[in-house]
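Report on the following structure.
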Amino acid sequence: MRVFSDAQHASWVDAIVEEANHLEEGRTRWLLGGLLSLACYRLSREIWSLLVFAFFPLAAIVFFTLLVRAQFVIWNSSNLLIGPVILTISIAPFAWQIGRIAQIHPVFSGTMAFMIFQSVPVILWPALFDAPGSLIWGINVKALGISPVFAPLLTLTLWFAGTLAGSYCRWRVTDHVS
Amino acid sequence: MRSRKPSPQTIAVLEVLSINSGSWMYGLEIAKLTKLKSGSLYPILIRCAERGFLDAKWVEPLESGRPPRHAYKIRPEGVRFLERNRNSGLDRQRIESAV
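Protein chains in written order, with our numbering: chain Y, 21 to 198; chain B, 114 to 212.
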């Protein structure tokens, strides 16, 4: 039942349920109406956090794709390490922003961002580019001498590092203000 | 903070609570008098409580063995807000006759 509401409004879930216990008929309708309205109320309050989670990983994918396409033009270094290194750390600013904005634990926000970042190419790449769905980091880490098996782990670590850094910055600012 | 005109449903809830301003009311009682469904009533109650228009507390029922119920009472801020935003006496007359 508590999933319908955040911790701040948990007592309202109990209020709806307990009030339903005093109904002789229409109990299910009362419960469904009340709990769904609380879920909508929660969604309306948290919509910006959800949009942050959708926006920044998607922006990271676009940025990453543009970098891949531009790397031969910009630094013309397909055989050097600098290209893969830049690509590898290209998600860092996006991870930092999520950590700075999202009002939840950075490990949780990092995990969510990582899942969106990894799953979107797997789902969309085959449909958009007629290319096999693959984990977006596989090619890069191979160039860095790391087995592609560790690509998702490295990506997750980078998301964690970024969100932790962003969260720490927000905490420092809030701490100084208050 | 952005100040929006309250909905007729919000006014109706505050009217019911102001008519019974001396006593605590349960959600079911308010729903019955305002003819609001739970899906409309509780978001209004939450918003009103957050804006300081009403108090909410758990009340032990008179009958033993029954679970406590959430009860609501209008605050002076709620009465002032209602007086500023009351559109007509029609709703109040209907609610007063129902009470």
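Note that CB positions come from ideal geometry on N, CA and C, so glycine has one too.
Say whether chain C places a C-beta atom closer than 8 Å to the C-beta of B:I187.
The chain inventory of the structure shown lacks chain C, comprising the protein chains Y and B.
Mind listing, in chain order, the continuous alpha helix (DSSP H) runs of no fewer than 4 residues lying wholly within the stretch 126–179 of chain B?
Qualifying alpha helix (DSSP H) stretches, in chain order: 140–147 and 151–163.
Does the Cβ of Y:V142 have 16 or more other Cβ atoms within 10 Å, making it buried, or fewer, making it exposed?
Exposed: under 16 other Cβ atoms inside 10 Å.
Taking the straight line between their C-alpha atoms, what separation do you get for Y:A115 and B:E128?
Their Cα atoms are separated by approximately 49 Å.
Of the choices Y:A122, Y:R89 and Y:Q117, whose alpha-carbon is the least far from that of Y:L107?
Looking at the Cα atoms, Y:R89 is the closest of the given residues.
Which residues in chain B have a C-beta closer than 7 Å to the C-beta of Y:A35? List them in chain order.
Going along chain B in sequence order, the residues near Y:A35 (Cβ under 7 Å) are G140 and H183.
Output the distance between the C-alpha atoms of B:M114 and B:R164, rounded to the nearest integer angstrom.
Low per-residue confidence applies at B:M114: pLDDT is 45, beneath 50, and the placement is therefore not dependable, though the value from the model is reported in the following sentence. B:M114 and B:R164: Cα-Cα distance of roughly 11 Å.
If you reduce the DSSP assignment to three classes, tell me which class B:K186 lands in.
Three-state result, B:K186: strand.
On the criterion of 16 or more Cβ atoms from any shown chain inside 10 Å, does B:L154 qualify as buried, or is it exposed?
When all chains shown are included, B:L154 counts as buried.
Taking only the alpha-carbon atoms, compute the straight-line gap between B:R160 and B:L167 and give it to the nearest angstrom.
Each residue's alpha carbon lies about 9 Å from the other.
Cα separation between B:I124 and Y:N41?
Cα to Cα, the separation comes out at about 27 Å.
So, helix, strand or coil for Y:H125, using DSSP?
Note: Y:H125 maps to coil in three-state DSSP.
Is the Cβ of B:P121 closer than 8 Å to any Cβ of chain Y?
With 8 Å as the cut-off, B:P121 does not count as an interface residue toward chain Y.
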